[in-house]
Amino acid sequence: MSLVLWKYDNPRVDYRTDEIHISLFNNRLTFYQDTNINITQRQNTAYKLWDGSYLLAKFLESKIHFGSCYWKAKNVIELGSGCGLVSLAAWLLGAKVIATDLPQVLSHTRACITKNVKSIASNKSLNCDKIFVDDYTWGKSKQFKSFSNFQVILASDVIYERENLNDLIQALKDLSNKETAIWISYKPRGLGEDVFFDLINNDFEINHIKKCELPQEFQQSQYKIINMKRTS
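Per my numbering, residue 79 is the first one in the sequence shown, and the count goes up by one each step.
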């Protein structure tokens, strides 16, 4: 078990450990990784805490692009939640959040989120009923009719798989309107990123966040964050 707080590219952290500890909004969060299975960029990705999710969570924590009350009562959905770090960050900021992933990995997402929510809510005036975990296959949004009009969509490390890009883009269209803010963190891996931007360019306005506005530990990294809004 690692007792060192997780940070990006930290030589003191064993990234293969079963437990990862992260400090967020002065809370100590614990996340589980399954080190007994083969985790790659294309397989079992939900069972590992990826740098992109840590970056996006820390970006939300920095509040550079958000006012003090921006997140209060916002309806937020995270796509490909995995260990649930980004969803927890939005919840800690006061949003009403749905953390989503595929049905076969949802028990892992739920376990990570439930443990942290119970631990944090017992010490703070946060509502446990404002964060949910649900399965979602990209492009099939009918299940969310009762919680529609998402004001924010969050996602990390999701745009590299070419075969999933059409479904991802359909999901972004299904779940958003022209007022929805979409925040995505990613690392250019030379896989499907260029295809993603080509496909999405006609329907979304894309703003690339400046490196100097990223958390300091990521400013020299390859990781990036984009903000998108519907144009059609």
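Glycine residues also receive a C-beta, built at the ideal position from the N, C-alpha and C atoms.
Across the set ALA259, ILE278, ILE304, the C-alpha of ILE278 shows the shortest separation from the C-alpha of LEU246. In the DSSP annotation of this structure, LEU232 is not part of any alpha helix (DSSP H); the continuous beta strand (DSSP E) holding it starts and ends at 230-234.
Going by DSSP, HIS99 is part of no alpha helix (DSSP H) but of the beta strand (DSSP E) stretching over 97-102. For PHE144, the secondary structure class from DSSP, reduced to helix, strand or coil, is coil.
Per DSSP, LEU250 has no beta-bridge partner at all.
For LYS150, no alpha helix (DSSP H) run applies, since DSSP gives it neither H nor E. Per the Cβ contact rule, the region 167-186 is in contact with the region 211-219 (3 or more Cβ pairs under 8 Å). Under the three-state reduction of DSSP, GLU283 is assigned to strand. Excluding sequence positions up to five before and after ASN285, its CB lies within less than 6 Å of the CB of ASN305, all in the same chain and listed in chain order.
In the three-state DSSP reduction, TYR238 falls in the coil class, being neither helix nor strand. ASN105 is a Cβ neighbour of ILE198, given a cutoff of 8 Å. Under the three-state reduction of DSSP, ARG308 is assigned to strand. The criterion of a C-beta distance shorter than 8 Å is not satisfied by LEU170 and PHE109.
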